[in-house]
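Heads up, the thing below is written out as structure tokens.
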Amino acid sequence: MELSRPNAILFDWDNTLVDSWPVIQDALNTTLTAFGHTPWTLAETRQRVRKSVRDRFPGLFGERWKEAADVFYERYEAIHADRIRPLEGAEEMLRSISDLGVYLGVVSNKRGDFLRLESDQLGWSEYFGKLVGATDAERDKPAADPVEMALSGSGERPGAQVWFVGDADIDMECAYNAGCTPVLLRKEIPAPDEFSAFPPKRQFASCDALCKWLRNL
1301 MELSRPNAIL FDWDNTLVDS WPVIQDALNT TLTAFGHTPW TLAETRQRVR
1351 KSVRDRFPGL FGERWKEAAD VFYERYEAIH ADRIRPLEGA EEMLRSISDL
1401 GVYLGVVSNK RGDFLRLESD QLGWSEYFGK LVGATDAERD KPAADPVEMA
1451 LSGSGERPGA QVWFVGDADI DMECAYNAGC TPVLLRKEIP APDEFSAFPP
1501 KRQFASCDAL CKWLRNL
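Take the sequence shown: its position 107, counted from the start at 1, is 1407 in the working numbering, and no numbers get skipped.
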């Protein structure tokens, strides 16, 4: 499907710009084990982790979800800064798109302070107008609240001229909820009906492919 050049792009973080799944799995399995649950494989983690901790943990841990969240965050904080890795071509893409004058932001279900620390660690914060994580807005992704927060001060409002770029169904749902253009960024071909409710307008297989498309407009 044809797209117009965006005025702004909001990116998901995990598995869109950085590979943090091993870190998430480690912290989650530390928590699951501490509360008597069976640990998850990496494949299970990638499939099941979508929502923020405050939206996901009550279903996993019931009334003790806040205790579980403390365990998760303690472990995550201990290991994440040294183990987060950028995905191939991500930094070059961000630099190139920023040079085109397109406003960039991040909307993630990772806790906001961790998100911004990782961005600083990678030296990427200069590319983004705002990095919005879980609990920064009143509601987390897929609600539209963090999208509006990420665009505040940019001169842009949610709409077709704003792309929401991510790798998962919750990202596409967030784009629809906010009235933005949903764009899928990942090499894996979608499974049947994976995006039936919230289909992306276009898929790019890599950061380089998305970047080249924008530069060629």
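Beta carbons: idealized from backbone N, C-alpha and C, even for Gly.
DSSP, read as helix, strand or coil, puts threonine 1333 in helix. Short of 7 Å from the beta carbon of aspartate 1436, and not among the five residues preceding or following it, lie these beta carbons of its own chain, in chain order: Gly1412, Pro1446, Met1449. A check of alpha carbon separations from tryptophan 1463 across Pro1386, Pro1500, Val1371 identifies Pro1500 as the nearest. Separation of the CB atoms of arginine 1385 and valine 1483 is rounded to 23 Å, and the pair is thereby denied contact status at 8 Å. Using a Cβ distance threshold of 9 Å, aspartate 1312 and valine 1406 count as a contacting pair. Where asparagine 1409 is concerned, there is no enclosing alpha helix (DSSP H), although the beta strand (DSSP E) around it starts and stops at 1403-1411.
In the DSSP secondary-structure assignment, isoleucine 1309 is bridged to Leu1404, Trp1463. Each residue's CA atom was taken as its position, placing asparagine 1477 and leucine 1360 some 25 Å apart.
Alanine 1334 places its beta carbon 9 Å or farther from that of valine 1353. For the pair threonine 1330 and phenylalanine 1372, the CB atoms are nearer than the 9 Å cut-off. Note on lysine 1487: under 16 other CB atoms within 10 angstroms of its CB, so exposed under the neighbour-count rule. In this structure, lysine 1430 sits away from serine 1398, with a CB-CB distance that is not shorter than 9 Å. Note that the C-beta distance between serine 1408 and lysine 1441 is below 9 Å.
Taking 8 Å as the upper bound for CB-CB distance, aspartate 1326 and isoleucine 1379 are in contact here, some 6 Å apart.
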